[in-house]
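Undergrad:
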Amino acid sequence: MTAKILLTGATGYIASHTWLALLEAGFEVVGVDNFSNSSPEVLKRLERLSGRPPVFERADVCDEAALEAVFAAHKPAAVVHFAAFKAVGESTAMPLAYYRNNLGGLINTCETMKRHGCARMVFSSSATVYGAPRPQDLPLREDAALSAVNPYGATKLMGETILRDLGAAEPDWQTACLRYFNPVGAHESGLIGEDPRGIPNNLMPYVAQVAVGRRAELQVFGNDYETPDGTGVRDYIHVVDLAEGHVAALRYLLAGGESLTVNLGTGQGYSVLDLVRAYEAASGRPIPYRIAPRRAGDAAACWADPALAREKLGWSTRYDLARMCQDSWRWQHMNPRGYEQA
Ligand code: WQD
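What the sequence shown shows, in my numbering, is residues 411 to 752, in sequence order.
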């Protein structure tokens, strides 16, 4: 019998791509979301892509009774916990909402899992737990120094701590903490992709909206960093590669693997201007930009050493920056206003 996997935050950007990858890998999947930061339209797109209606429960991971009912009905073998607010700037303005939702939701999910004898979790963590790395810290290995530079990052760091302490207390509990670097791109169909609400915080979706004509120009947050062209360098990873990393982590845990924490990145850094040029080539559209002041809290450069994920999970990335931009552009061009237009 194939294992049933429960995804929290299931209609979000990374979760929806993981959902599809899990179905294609032969898993049964049940998705849970409260649509606080995603669209029900994702469910229709997943049905078109997978050829069957997705199994979905609308619920808030902070709602004990609702989550209890979901576990009682579906009895998952493992959970991939995506549900969290994830905007760095917003977290600084609304720390309590972030702590309540991100940590309260994780704790409620873990308690519900324990009541139902479900002891395998893949946890959506982030490279933000490395704080603002110095040049000598790169490429980042999993044993690098950790620090929280904003409440969002603090909820990821605390989430990892909660899961580590739970694993120490419960011998049968095993977790894979996945530290995402910079997820970008979209499924090759162009039917699912990144659809941030309001003004995009992140570079790629902002560039995509400039290319499609929703935004006039990109602000480049500083060009005086100690990097090859002075603009910020990041490790962009295709969201489909990232989804496959979750499939590999689940297979690892379900085969009896011990708890681990791994980076999910390519190991290759690209600057803001590298990405702008790649997007212009992929879209055939100009990306007007102007140099603006640095954004508070930004590091000059950040990229992964992905060796541990390759060694432990047998996973590595397949797609390059050109493909990331091509797939992002196809999604954005087919869905100029994201899922809203549907
Ligand atoms: C990338 C580069 C900016 C926007 C954040 C979170 C991290 C994770 C990924 C959730 C930087 C520059 C950006 C713009 C710009 N999120 N930039 N103009 O900051 O590396 O990581 O998103 O898990 O936790 O911290 O990603 O895409 O915001 O920025 O010049 O309009 O693009 O300065 O150098 P970041 P980003």
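Even glycine gets a Cβ: it sits at the ideal position worked out from N, Cα and C.
Is the beta carbon of glycine 642 sitting closer than 8 Å to the one on aspartate 708?
TA: Cβ distance < 8 Å, so glycine 642 and aspartate 708 count as in contact.
Undergrad: Check each candidate in Ala542, Glu438, Ala482, Val489 and name the one with the smallest Cα separation from alanine 711.
TA: Closest by alpha carbon: Ala542.
Undergrad: Please classify proline 463 as buried or exposed, where buried requires at least 16 other C-beta atoms within 10 Å of its C-beta.
TA: The residue is exposed, with fewer than 16 neighbouring Cβ atoms inside 10 Å.
Undergrad: Please identify the residue among Glu690, Cys587, Arg589 whose C-alpha is closest to the C-alpha of valine 620.
TA: Nearest option by C-alpha distance: Glu690.
Undergrad: Is the beta carbon of aspartate 472 less than 8 Å from the beta carbon of serine 535?
TA: Here the sequence assigns cysteine to residue 472, which means aspartate is not the residue at that position. Not a contact, by the Cβ cut-off of 8 Å.
Undergrad: Starting from isoleucine 424, follow its DSSP beta bridges and name the residues at the other end.
TA: Partner(s): none; isoleucine 424 has no beta bridge.
Undergrad: May I ask you to report which of helix, strand or coil DSSP gives threonine 412?
TA: Coil, per DSSP.
Undergrad: Tell me the DSSP bridge mates of serine 557?
TA: Note: serine 557 sits in a beta bridge opposite Tyr540.
Undergrad: For a test of your reading of the model: does the CB of cysteine 587 fall under 7 Å from any non-hydrogen atom of the ligand WQD? Yes or no.
TA: Checking the Cβ of cysteine 587 against the ligand WQD gives no.
Undergrad: Please report the Cβ distance between aspartate 443 and alanine 529, rounded to the nearest whole angstrom; I am assuming they are in contact, meaning their Cβ atoms lie under 8 Å.
TA: With a Cβ gap of about 23 Å, aspartate 443 and alanine 529 do not count as contacting.
Undergrad: Taking Cβ to Cβ, would you say glycine 677 is nearer than 8 Å to tryptophan 713?
TA: Cβ atoms of glycine 677 and tryptophan 713: closer than 8 Å.
Undergrad: Please give the ranges of any alpha helix (DSSP H) in the segment 598 to 659, keeping only runs that are unbroken, at least 4 residues long and fully inside the region.
TA: Taking only runs of at least 4 residues, the alpha helix (DSSP H) segments lying wholly in the segment 598 to 659 are 613 to 621.
Undergrad: With the cut-off set at 8 Å, would you say valine 489 and threonine 519 are in Cβ contact?
TA: Cβ atoms of valine 489 and threonine 519: closer than 8 Å.
Undergrad: Ordered along the chain, which non-local residues of its own chain (more than five positions away) have a Cβ less than 7 Å from that of glutamate 474?
TA: Result list for glutamate 474: Asn518, in chain order.
Undergrad: At what residues does the beta strand (DSSP E) containing asparagine 518 begin and finish?
TA: Segment 515 to 525 is the alpha helix (DSSP H) holding asparagine 518; no beta strand (DSSP E) there.
Undergrad: Hey, out of Leu576, Val672, Gly514, Gln736, whose CA is closest to glutamate 721's CA?
TA: Out of Leu576, Val672, Gly514, Gln736, Val672 has the C-alpha closest to the C-alpha of glutamate 721.
Undergrad: Would you identify the three-state DSSP class for valine 672, choosing helix, strand or coil?
TA: If DSSP states are grouped into helix, strand and coil, valine 672 belongs with the strands.
Undergrad: Would you grab the beta carbon distance between tyrosine 680 and leucine 601 for me? Rounded to a whole angstrom, and I think it's under 8 Å.
TA: Rounded, the Cβ-Cβ distance is 26 Å, inconsistent with contact.
Undergrad: Whole alpha helix (DSSP H) runs in the segment 708 to 733 with 4 or more residues, listed along the chain?
TA: With a minimum length of 4 residues, the continuous alpha helix (DSSP H) runs that stay inside the segment 708 to 733 are 717 to 723.
Undergrad: Is it the case that the Cβ atoms of phenylalanine 631 and arginine 687 are separated by a distance below 8 Å?
TA: The answer is no: Cβ separation not under 8 Å.
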